[in-house]
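Asker: When we follow the numbering used here, the leftmost residue of the sequence shown carries the number -4, and every step to the right adds one. Using N, Cα and C, we set each Cβ at its ideal position, and we do this for glycine too. These numbers were taken from a predicted model, which means no experiment stands behind them.
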Amino acid sequence: MEMFSWLVHKYIMHGALWFIHKTHHEHNKGFFEANDLFSIFFGSIAVILIVSGLQDNDFKLWVGVGISTYGLLYFVLHDILIHKRVKLWNMPKSLYLRAISKAHRDHHKSLKKEDSCSFGLFFVSRHYFNLNKKSVPKNSQAQD
Ligand SMILES: [Zn+2]
Ligand SMILES: [Zn+2]
């Protein structure tokens, strides 16, 4: 799922569908973004697979459960912990979570579709782990 997500983010969201995804890179004050359409789209596919998998009693159920699990983890990490769209928890001070938060903040530094880096969320370059060993930021919250 992470590889699929990386491909979609790099080549579709930062490609033909940039006009939707750019709402997530802009400093938008509203709660909802056009970019949320991607979550609705993939969430709908997961629901269809789960319902169809339950009716047919086949593998589609587990594909849907896998997509939903990834989506839930992505939501907790990206929307709650990194962007704080829902203020439930602060980012724990683990080396791994600080590294992915820093990588995602680097992804957001660019407002253009061509100049971004770090398209994955859960797997990031070793570079970000080394950065965190040198300095511990007081506030690991990303600015979106
Ligand atoms: Zn992006
Ligand atoms: Zn983001």
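Quick check: does the Cβ of His9 come within less than 8 Å of any heavy atom belonging to ligand 2?
Answerer: no
Asker: If you draw a straight line from the alpha carbon of Lys55 to that of Arg121, how long is it in whole angstroms?
Answerer: 35 Å
Asker: So what's Lys79 in DSSP terms, helix, strand or just coil?
Answerer: coil
Asker: Between Leu32 and Ile15, what straight-line distance do the alpha-carbon atoms span, to the nearest angstrom?
Answerer: 8 Å
Asker: Grab me the residues of Leu75's own chain with a C-beta within less than 6 Å of its C-beta, minus the 5 sequence neighbours each way, in chain order.
Answerer: For the record, residue 75 in the displayed sequence is Ile; it is not Leu. Here the set comprises Val81, Leu83.
Asker: Counting along the chain, where does the alpha helix (DSSP H) carrying Lys97 start and finish?
Answerer: 90 to 103
Asker: Mapping DSSP to helix, strand and coil, what is Val119?
Answerer: coil
Asker: Alpha carbon to alpha carbon, what distance is there between Leu126 and Ser63?
Answerer: 32 Å
Asker: Using C-beta distances below 8 Å, list every residue in its chain close to Gly61, excluding the 5 sequence neighbours before and after it, in chain order.
Answerer: Met(-4)
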